[in-house]
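Chains as they are written, first to last, in this note's numbering: chain U, 254 to 563; chain Z, 190 to 735.
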Amino acid sequence: MLSYTAKRLGQTVFVLIGISLITFVLLQVVPGDPVALMLEKRADPETIAKIRHELGLDLPYHIQYYNFLKGAVRLDFGTSYFTKEVVSVALIRSFKVTVKLACMAFVFAAAIGIPCGIFSAVKRGKRIDSVVMVLSIIGVSAPAFWFAIILQIIFGLKLDILPISGFDGVSCYILPSVALGARYAGSMARITRTSMLEVMGQDYIRTAKAKGASRWSVIMKHALKNAMIPIVTLIGTDFGYMLTGSMLIEKVFSIPGIGKLAVDAMSNRDLPLLEGTVMYIAFVFVIVNLIVDLSYAFLDPRIRYGKGAA
Amino acid sequence: MKKRVSAVALLCAAAMMLSACGSKPQAPAETTAAGAAGTEAAGTQTGGESTPGAADRTGKIVRVAAVDPQVALDPQQYTYSIVMKITDNISEALLTTKGDGSLEPTLLAKMPEISEDQLTYSFELLPDVKFHDGTTLTSADVKYSYERLVKLTKMATLLENVEGYQELADGTADELSGVVIQDDTHFTITLTKPYAPFLSVLSTAYTAIYPHEACEAAGENWGMTTLYGTGPFKMDSYQTGVGVTLTRFDDYHGGAVKLDGVDYKFIEDVNTQVLEYQKGNVDYVDVDPSIYPVYSENPELKDQMHGFQPTGNYSLGVNVKTYPDAKVREAIALSIDRKAICDSILHGTATVPTSYIPAGIIGHDETLPEFEYNPERAKQLLAEAGFPDGIDLRVTVNSKYQGNVNIATAFQQQAKAAGINVQVETVDSAAWSDMKKSGGIDCNISNWYVDYSDPESMLYPMTKTDTNSSFWHNAEFDQLLEDGIATTDSAERQEIYKKAEHIMTREDWATTPIYNETKFYLLNPSITGFEIDSTFRMFWKDADIQ
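The following block contains the structure:
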């Protein structure tokens, strides 16, 4: 297990290098020059050349990439061209906000989605099953920003019980978490239901029932645990997505998280900030996937990592 | 048994960990540093934690919804209108342009004296004007601020007619030799050639006067953590993603200020901004054209909505390298139905222009008819130019301005009648700026607003520099612009600019205006004395809350 984890972490380094290289190359290929953007008005070629030199953008590409890598290993991505903020500081600042939103949205999604999925599977074919499934489809397909505005109008303006925007108190995160979590709750309910139904038809469930185990004991202890692998896979990636920020939700609720940081960095071609953000996002996904893979071993004793394992 | 419960336990543990994480103490909003005097009433506002930045401020505070500029609040470096909307209440230039376009001294004892040859301007500063750091304004601060403007390059060319500009810009000199200090309150500025709009230039936010030593010491933090001016409000805090808080400057040279402060709250989404206004969390909000129809008929908000016409326009620029024949460019200008765009896409908030130079400034020709939509004539012109089957036209729009994308799409339909096959290309800001400079844009929709109330500010992009992407050059036009700045007589200047505009928009068809917009904003009716001018400058100096 340990050697497997170490091996996976080792691979992470190569994944990150690959991603950084792709990002770097793409940024050279796409149109858009941060210097032209900085000097929007009254710019002349000499000034542009001067600023490019100051930023090191006139160096050969391989030197620029080497300089980036050199900084990246020390988590030093430089400073933003526009805000002059140190990239790692900006990332930490945005991460603090995003992680709160992601955790609350995740808890909301899991607390609603998984029990609904279990319930729906148990009551398969009943009216309640249909209701839950229709709601889950709405959750998955309703545009998040639309749902967000509806929540703002109802709970923020009409009922006046929650803040419309901002991020300086737990209450500020409630509406964004619900708006962000709704879609994931829907997909979690659906995957839980499907996975549970598959397990419920297995022989060992019948055996457990025949042995006289109580209904809920069968569902929670025998069925749910065995249905967990697809659920964990899904919620792992979902959590990864939440941790990398949601541009729309952050914009609607004025939350300065990772999503906003990434979009702003891209639209400004703020290279240091963009490289830093991409590295962060890649890292989150690699780690989340690793945790998901490791959790399989806990969930299913047949899965073993390390020496001699498949 | 252990194994059986492990799944549930894992899930619960994860949920607990995460919820614990979610309820960690919040990152402090760090509101008010120096201005925390009124904290005894902290949090007493209803829904006090609702929006960041202002919960613990009391007194007469105006709350303004704004987009996060994400850059230093330094107009010498960043020319976004939001930067100026904030800094105009913190720092001041020597002069102020009033609503009617006339100038009045702000930091000066009287209007400057101008030598007969129009080359030397003599200034006398008001005595004992204090900066927010307690230092006194001197001629050296003026000189320093102008040199800084040149060194920072962005808006340097505003001072290109000042003696010694070129040497300083090239780095061969380290001072702006045309600014000569006599004593602490007297200095002269010498120009290399007569330049009529010069005093108007000295009223722009770019020429704000900063305290020499503090500004130098702050370095890159100027406008981020430190910003001092001579204005009615001082900056207490500026936080990315949160807002800017200003408090009254008690030593303000311009007399007593009634407000205790101004809070700019960063709210990105235009809809959320208005919702916060409706809830009473902000007192001022710009109404984006996209949501104007939603709120213009709202009985609760209708009377709180005000409008003004900024001096500038939206126009269709055509690259003369791609379309060298003026007939083709005229055909393009004739194939856009401005009236339909104003009425339908802009919901009647815009008007069809008659000239490129907008009403209110020298050079506007009142006798001209509106630019027309005439696809038949356009077809004819294209045939004359050798394109009887029409032309293809790639219109590039910046995705940042969704309104422009809608207009380009409407133009696509309208131009079909003229045999012009429009392809709409949407690119982001960075690509847009790059393509503009490299000549990669054939036709674009963009806007331009004056920096100061003078036709030179409206037309200069069409000369020398190629900032407008049309790459059009006309010797007679360039000469007229040279004449325009060298002349001080208003009647003469009127004729010069009228003629220049005619060449540009009705003979050479280098660019063609599409519409003049009206900007709308919502203002809390209990606020009086608020000023917003046609160059987008927003002053809270004389405002009060009843």
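Ideal Cβ positions, reconstructed from N, Cα and C, are used throughout, including at glycine.
* Asked: Apart from the five residues just before and just after residue 685/Z, which ones in its own chain have a Cβ nearer than 7 Å to its Cβ?
  -> 669, 672, 673 and 676
* Of the listed residues 274/U, 337/U and 474/U, nearest to residue 317/U (C-alpha basis) -> 274/U
* How would you list, in chain order, the residues of chain U whose beta-carbon sits under 9 Å from the beta-carbon of residue 464/Z? -> 402, 405, 406, 409, 410, 417 and 418
* Under the DSSP definition of a beta bridge, which residues are partnered with residue 292/Z? -> 286/Z
* Name the DSSP beta bridge partners of residue 615/Z, please? -> 586/Z
* To do: Pull up the DSSP beta-bridge partners for residue 728/Z, would you.
  => 720/Z
* Asked: To the nearest angstrom, how far is it from the Cα of residue 494/Z to the Cα of residue 566/Z?
  -> 41 Å
* Give, in chain order, every residue of the region 439-468 of chain Z whose Cβ lies closer than 7 Å to some Cβ of chain U. => 455, 456, 457, 458, 460, 461, 464, 465, 467 and 468
* To do: Take every Cβ of the region 363-371 of chain Z, pair it with every Cβ of the region 252-259 of chain Z, and state whether three or more of those distances are shorter than 8 Å.
  => no
* **Reference residue 413/Z; option with closest CA among 435/Z, 421/Z, 722/Z and 260/Z** => 260/Z
* At 3 residues or longer, and completely inside the region 349-376 of chain Z: list those beta strand (DSSP E) runs for me, N to C. => 368-370
* Straight-line CA distance for residue 236/Z to residue 331/U? -> Below a pLDDT of 50, predicted positions are generally treated as unreliable, and residue 236/Z, at 32, falls in that range; no measurement from the model is reported.
* Would residue 286/U count as contacting chain Z if we go by Cβ distances under 8 Å? -> yes
* To do: Starting from the beta carbon of residue 626/Z, find every residue of chain U whose beta carbon is closer than 7 Å, and list them in chain order.
  => 289
* What residues of chain Z sit near residue 300/U, judged by a beta carbon separation below 9 Å? -> 342, 343, 345 and 358
* Hey, is residue 434/Z's beta-carbon within less than 8 Å of any beta-carbon in chain U? -> no
* Asked: Is it true that the CB of residue 531/U sits closer than 8 Å to the CB of residue 276/U?
  -> yes
* Asked: Among 491/Z, 616/Z and 600/Z, which has the Cα closest to the Cα of residue 712/Z?
  -> 491/Z
* Asked: How many Å lie between residue 431/Z and residue 410/Z at the Cα?
  -> 18 Å
* Would you report the Cα separation of residue 731/Z and residue 717/Z, rounded to the nearest angstrom? -> 8 Å
* Asked: What is the rounded straight-line gap between the Cα of residue 254/U and the Cα of residue 546/U?
  -> 11 Å
* To do: Mind checking which residues open and close the beta strand (DSSP E) that includes residue 651/Z?
  => Careful: residue 651/Z lies outside any beta strand (DSSP E) and carries neither H nor E.
* Among 501/Z, 511/Z, 544/Z and 538/Z, nearest to residue 630/Z - alpha-carbon criterion -> 511/Z
* Label residue 555/U either buried or exposed according to how many other C-beta atoms from any shown protein chain fall within 10 Å of its C-beta, with 16 as the threshold for buried. => exposed
* **Neighbouring residues, chain U, relative to residue 424/Z (Cβ below 7 Å)** => Result: empty, since nearest Cβ-Cβ is about 16 Å, beyond 7 Å.
* Pick from 593/Z, 591/Z, 608/Z and 543/Z that is closest to residue 575/Z, judged by C-alpha positions -> 608/Z
* Taking residue 568/Z as the reference, give the member of 359/Z, 521/Z and 466/Z with the closest Cα. => 521/Z
* Asked: Buried or exposed: which applies to residue 223/Z, given that a residue is buried once 16 or more other Cβ atoms fall within 10 Å of its Cβ?
  -> Note that residue 223/Z has pLDDT 33, beneath the 50 cutoff, so the model's placement of it is unreliable and the number below is only indicative. Answer is exposed; the Cβ neighbour count stays below 16.
* Going by DSSP, what residues sit across from residue 580/Z in a beta bridge? -> 609/Z
* What's the C-alpha gap between residue 455/Z and residue 302/Z? -> 43 Å
* To do: State buried or exposed for residue 678/Z, treating a residue as buried only when at least 16 other CB atoms are found within 10 Å of its CB.
  => exposed
* What residues from chain U crowd round residue 409/Z, counting only those whose CB sits closer than 8 Å? -> 337
* Asked: Looking only at DSSP bridge pairs, what is residue 536/U linked to?
  -> Residue 536/U pairs with nothing; no bridge assigned.
* To do: Can you have a look at residue 232/Z and say buried or exposed, based on whether 16 or more other CB atoms are within 10 angstroms of its CB?
  => Model confidence at residue 232/Z stands at a pLDDT of 32, short of 50, so the residue's coordinates are unreliable; what they give is reported in the following sentence. Counting Cβ neighbours within 10 Å, residue 232/Z comes out exposed, since fewer than 16 surround it.
* To do: Give me the Cβ distance between residue 452/Z and residue 250/Z, rounded to the nearest whole Å; I'm assuming they're in contact under 8 Å.
  => 6 Å
* Asked: How long is the line joining the alpha carbons of residue 442/U and residue 467/Z, rounded to whole angstroms?
  -> 36 Å
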